[in-house]
Amino acid sequence: MVKTQVFEQDIDGDGLIETVRFTPRGEPFLQIFREGRRLWQWGPAAFRAWKLQIVDIDDDGYAEFVVGVNRSTRWYRDRQNTIHILGWTGAYGYAKWLGSRLSSPLHDFVLARLYPRQPLRLIAIESRHPEQPFVRVYRWSGFGFTAVWESAPLRAPARLHLRGETVVVNAAQRAYILRQPHEKLRFTLEADHANATEAIQPEPNR
-14 MVKTQVFEQD IDGDGLIETV RFTPRGEPFL QIFREGRRLW QWGPAAFRAW
36 KLQIVDIDDD GYAEFVVGVN RSTRWYRDRQ NTIHILGWTG AYGYAKWLGS
86 RLSSPLHDFV LARLYPRQPL RLIAIESRHP EQPFVRVYRW SGFGFTAVWE
136 SAPLRAPARL HLRGETVVVN AAQRAYILRQ PHEKLRFTLE ADHANATEAI
186 QPEPNR
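If you're matching positions, the sequence shown starts at -14 in my numbering and goes up one per residue.
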């Protein structure tokens, strides 16, 4: 049975709390309510939505709905995971970026601010081979994503989650923390041990 996820937050900076209901693989998969009244809904079941993160990707005070979907497109006939970004006007949503795919097959994603005063980054688990997932970091350009870094291969399966503002990578029963040590776009994966860290180096020429 599919369970609807409920988010309570101010998504447009007006001081009022909206209720966002996300139903994976549902139709509509996204519904927005304010004070019990439904403002807007969208999302065909054919998109097979599987994840939602609500963020302000442009830092303009209005939230975006970043949705993981599994669908085919006119350019890619086989179903694959990708993300769609829906903007919010304060009254209704709109398509902001309906990208056809990222650089490699996508397994998971989160958006996070990895360094103070820098924009949010898209962090993705991707793979070129089923048993060799890796982490790739993207920056948002306003009309798409540009890759800026990728890790060496990890052991499968690999997934992402947020621990507060910290990005945690779980790979084959090991946990790693993704860090950006300074303002330059250089990143490290450090083993998440209580008393020690173990860095995973990026691939050469990345």
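Built from N, CA and C at the ideal position, the CB exists for glycine as well. Please read all numbers here as calculations on a predicted model, not as lab measurements.
- Annotated three-state conformation of Phe7 is strand, per DSSP.
- Between the stretch 58 to 76 and the stretch 134 to 142, the count of Cβ pairs shorter than 8 Å is below three; the stretches do not touch.
- No Cβ-Cβ contact shorter than 8 Å links Pro9 with Trp25.
- For the 8 Å CB-CB criterion, Thr131 and Arg121 do not form a contact.
- Counting along the chain, Val52 sits inside the beta strand (DSSP E) bounded by residues 49 to 56.
- In the displayed model, Phe94 falls within a strand according to three-state DSSP.
- Rounded to the nearest whole angstrom, the C-alpha separation of Val5 and Leu15 is 7 Å.
- Residue nearest to Tyr100 within the set Leu170, Val154, Asp(-3) is Leu170 (criterion: CA-CA distance).
- The three-state secondary structure of Phe32, taken from DSSP, is helix.
- Between Gln165 and Val95, the gap from beta carbon to beta carbon reaches 8 Å or more.
- Taking a 10 Å sphere around the C-beta of Tyr161, we find 16 or more other C-beta atoms and assign the residue as buried.
- Cα atoms of Thr67 and Pro104: separation of roughly 21 Å, rounded to the nearest angstrom.
- DSSP places Lys81 within a strand segment (E or B) once states are collapsed to three.
- Of Ile(-4), Ser57, Glu150, Trp82, the smallest CA-CA separation from Ala48 is found for Ile(-4).
- Looking at the backbone, the Cα of Phe128 and that of Asp45 are separated by about 15 Å.
- Excluding its 5 nearest sequence neighbours in each direction, Arg33 has C-beta neighbours in its own chain below 7 Å: Arg10, Val54, Asn55, Arg56, listed in chain order.
- Selection Glu(-7), Tyr61, Pro90 evaluated against Phe7 yields Glu(-7) as nearest (Cα-Cα).
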